[in-house]
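*Asks:* I am attaching a structure below and will ask some questions about it afterwards.
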Amino acid sequence: MEHSWTQDNLESLQSHILAEEQKCLGATGEFTWIISAISLATKAIGNKVRCARIQDVIGEAGEVNVQGEMQQKLDIIANEIIMHCLGNRDNVGVLGSEENETPVLLRRRDEGGRYAVLFDPLDGSSNLDISVGVGTIFSVLRLSDEGSREEAMLQQGANQVAAGYVLYGSSTVLVLTTGNGVDMFVLDQSIGSFVLVSRGLKIPSGNKTYSTNEAYTDKYSQGIQSYLKWAHQNDYSSRYIGSMVADVHRVLLKGGVFLYPPTTDKPDGKLRLMYEGNPMAMIIEQAGGKAVASKDRILDIVPEGLHQRTSVILGSEDQVDAVIKHTT
Ligand code: P6P
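If you're matching positions, the sequence shown starts at 3 in the numbering used here and goes up one per residue.
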C-alpha cells in the first residue's frame, strides 16, 4: 500500500478517477466531473475550517436546521460552497443536504440531470470550536427514470455509484469508493491536490475497540447493554470522538466497531440514512467490513424520506458480529 508520493508515483484524485473510469466500459467522464466538484468544494471548506476562529465563523448561526439542531455558522457556509460547486455540474439533477429540508432540484433528466448527490456538508460541526476533526460526507446516486426527481433519489444505499467523506483533521483526508474498493487521498497544500496515499484499503479485524456514547447506556436496548457489559469483561477499549467522520475513519484504518444504536428517546437512531448511514456503509463494506441497522444490512434499507434516521453498527465483520450476537 503506497503511503507517500514521489515524482514517479504521484497520482492525483483527478488522474485516479479518470483511470478508474477508463475501466468502466462506456464511461463518459461525467462521473469525474462530479468528483472534481466535490474535491473543489471540500478544499474550500477545509480552508474555512482552518481559518474559522480567525475569520470569526466559529459558533452558532442562531438558526435551527431541519434536524432540530442549532446550525453552526460553518454549516451554512459549507452547505453554500457545496451547492455552488455541484450546481455548476450539468449532469447533476438534484441535491439532498442535511441543511435543506427539501431536495434542491437543478435539472430535469431530459436536461442532462442524471445524478443525485446527497451530503452532510459539515458533520460534527459542534466540535469546531474545540478543533476536533469534522467532515463532509457524500453519496452519489444515478437517478432512476421513474417518478419525480425527489422520488428518484430515494433509493437503497446498495444503488450508490460512489460514496466518500473528507475529514478535516490534522490533515485533510479524502476517502472514496466507486464500487471497486476504497482509496484514500491526502490534500497536499503545496500543490493544492488530493494525492493518492492508499489504494484498496481493507479494515483490520481483531481490534477489540468499540466506539459509542456510553452516556446513553441506560437508554440502549438490553441487547446493546449486554454487549457493552461483555466488552467490559473481555478487555475491550473504548474510543469515541463524537464526530462520525473521525470515528468511522479510525474504525476504517484500525478496525473495531462504531455503534449509534436506537435509544429510548431516539427509537430510530440519530444518524441519517441517506447521507450518513449509506455512504459510510458502502465504504465499510467495500473495505471488507460490515454495516447494519440493528441486524439488517444498512444498504438494503428502502428509504421513505430524505432525512430519515437509522441505527448504525459498522466495523470489521468480527466486531460487528460480536454486537449482533448479543442483540438477536
Ligand atoms: P452524540 C454529530 O452531531 C453527529 O451527527 C455525528 O457526527 C456523531 O457521530 C453524532 O452526532 C454524535 O452524537 O449524541 O454522541 O453527541
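Note that the Cβ used here is the ideal one computed from N, Cα and C, for glycine as well.
Computed from a prediction, not measured in an experiment: that's the story for all the values here.
Spatial neighbours of Gln227 within its chain, please: CB distance less than 7 Å, with the 5 preceding and 5 following residues excluded, ordered by chain position.
*Replies:* Closer than 7 Å at the Cβ level, and outside the excluded window around Gln227, lie Thr219.
*Asks:* Between Asn236 and Asn209, what straight-line distance do the alpha-carbon atoms span, to the nearest angstrom?
*Replies:* Their Cα atoms are separated by approximately 12 Å.
*Asks:* I need the boundaries of the beta strand (DSSP E) containing Gly98, first residue and last residue.
*Replies:* Per DSSP, Gly98 belongs to the beta strand (DSSP E) from 94-99.
*Asks:* Assuming Ala80 and Leu124 are in contact, meaning their beta carbons sit under 8 Å apart, how far apart are those beta carbons, in whole angstroms?
*Replies:* Contact flag correct, Cβ pair sits at about 4 Å.
*Asks:* I'd like the list of long-range same chain contacts for Leu145, defined as Cβ closer than 8 Å, with 5 residues on each side in sequence excluded.
*Replies:* Once the five neighbours on either side are set aside, the close Cβ partners of Leu145 are Gly95, Val96, Arg111, Gly115, Arg116, Tyr117, Ala118, Arg151, Ala154, Met155.
*Asks:* Out of Leu76, Leu88, Gly149, which one is the CA nearest neighbour of Val142?
*Replies:* When each option's Cα is compared against that of Val142, the closest is Leu88.
*Asks:* Looking at C-alpha atoms only, which residue of Pro263, Lys272, Gly307 is the closest neighbour of Asp298?
*Replies:* Among Pro263, Lys272, Gly307, the Cα nearest to that of Asp298 is on Pro263.
*Asks:* Residue range of the alpha helix (DSSP H) that Gln288 falls in?
*Replies:* Gln288 -> alpha helix (DSSP H) spans 280-288.
*Asks:* Of the residues Tyr277, Glu32, Lys292, Thr330, which one's Cα is nearest the Cα of Arg311?
*Replies:* Checking every option, the nearest Cα to that of Arg311 belongs to Tyr277.
*Asks:* Determine the contact status of Ser245 and Gly126, defining contact as a CB-CB distance below 7 Å.
*Replies:* For Ser245 and Gly126, yes; Cβs fall inside 7 Å.
*Asks:* Tell me the rounded alpha-carbon separation between Ile205 and Arg252.
*Replies:* Each residue's alpha carbon lies about 10 Å from the other.
*Asks:* Residues in its own chain within less than 7 Å of Trp232 by CB, not counting five upstream and five downstream?
*Replies:* Correct list, in chain order: His328.
*Asks:* Return yes when at least one heavy atom of the ligand P6P lies under 6 Å from the C-beta of Met246, else no.
*Replies:* Yes, Cβ of Met246 sits closer than 6 Å to a heavy atom of the ligand P6P.
*Asks:* Got a sec, what are the start and stop residues for the alpha helix (DSSP H) Leu198 sits in?
*Replies:* Looking at the DSSP string, Leu198 is not in any alpha helix (DSSP H); the run it does join, the beta strand (DSSP E), is 195-200.
*Asks:* So, is Pro269 buried or exposed, given that buried needs 16 or more other C-beta atoms within 10 angstroms?
*Replies:* Label assigned to Pro269: exposed.
*Asks:* Pick out the complete beta strand (DSSP E) segments inside the stretch 195-245, 3 residues or longer, and give them in chain order.
*Replies:* Counting whole runs of 3 or more residues, the stretch 195-245 contains the beta strand (DSSP E) stretches 195-200, 211-213.
*Asks:* If distances are taken between C-alpha atoms only, which option among Leu15, Thr8, Gln9 comes closest to Gly194?
*Replies:* Comparing Cα-Cα distances from Gly194 to each of Leu15, Thr8, Gln9, the minimum goes to Leu15.
*Asks:* Apply the 10 Å Cβ neighbour rule to Gly70 and answer buried if 16 or more other Cβ atoms are within range, or exposed otherwise.
*Replies:* Its Cβ having fewer than 16 others within 10 Å, Gly70 is exposed.
*Asks:* Note down, one range per segment and in chain order, each alpha helix (DSSP H) of at least 4 residues found wholly within the stretch 13-73.
*Replies:* The qualifying runs are 15-25, 32-52.
*Asks:* Hey, would you say the C-beta of Asp298 is under 6 Å away from at least one heavy atom of the ligand P6P?
*Replies:* No.
*Asks:* How far does the alpha helix (DSSP H) with Ala154 in it reach, from first residue to last?
*Replies:* Residues 151-155.
*Asks:* Going by CA-CA distance only, name the one from Val188, Ile47, Tyr222 that's closest to Gly271.
*Replies:* For the residues Val188, Ile47, Tyr222, the minimum Cα distance to Gly271 belongs to Tyr222.
*Asks:* Can you look up Val304 in the DSSP assignment and give me helix, strand or coil?
*Replies:* Residue state, collapsed to three classes: coil.
*Asks:* Could you check if Asn215 belongs to the surroundings of the ligand P6P, using beta carbon to heavy atom distance under 6 Å?
*Replies:* Result yes, Cβ under 6 Å from the ligand P6P.
*Asks:* What residues in its chain sit with their C-beta under 6 Å from that of Arg109, if we drop five residues either side in the sequence?
*Replies:* Excluding residues within five positions, the ones whose Cβ falls inside 6 Å are Gly95, Gly115.
*Asks:* What are the boundary residues of the alpha helix (DSSP H) that includes Gly89?
*Replies:* Start and end: 75-89.
*Asks:* What is the rounded straight-line gap between the Cα of Ala43 and the Cα of Arg55?
*Replies:* Spanning the two alpha carbons is a distance of roughly 20 Å.
*Asks:* Check whether the Cβ of Asp270 lies closer than 6 Å to any heavy atom of the ligand P6P, and answer yes or no.
*Replies:* For the ligand P6P, not one heavy atom lies less than 6 Å from the Cβ of Asp270.
*Asks:* If you count every other CB in all the chains shown that lies within 10 Å of the CB of Gln57, and 16 or more means buried, which is it?
*Replies:* Flag for Gln57 reads exposed.
*Asks:* Are Ile286 and Ala293 close, meaning C-beta to C-beta below 7 Å?
*Replies:* Yes.
*Asks:* Give the DSSP bridge partners of Val188, in chain order.
*Replies:* Answer by DSSP bridge pairing, in chain order: Val175, Val197.
*Asks:* Would you call Thr180 buried or exposed, if buried means 16 or more other Cβ atoms sit within 10 Å of its Cβ?
*Replies:* Thr180 comes out buried.
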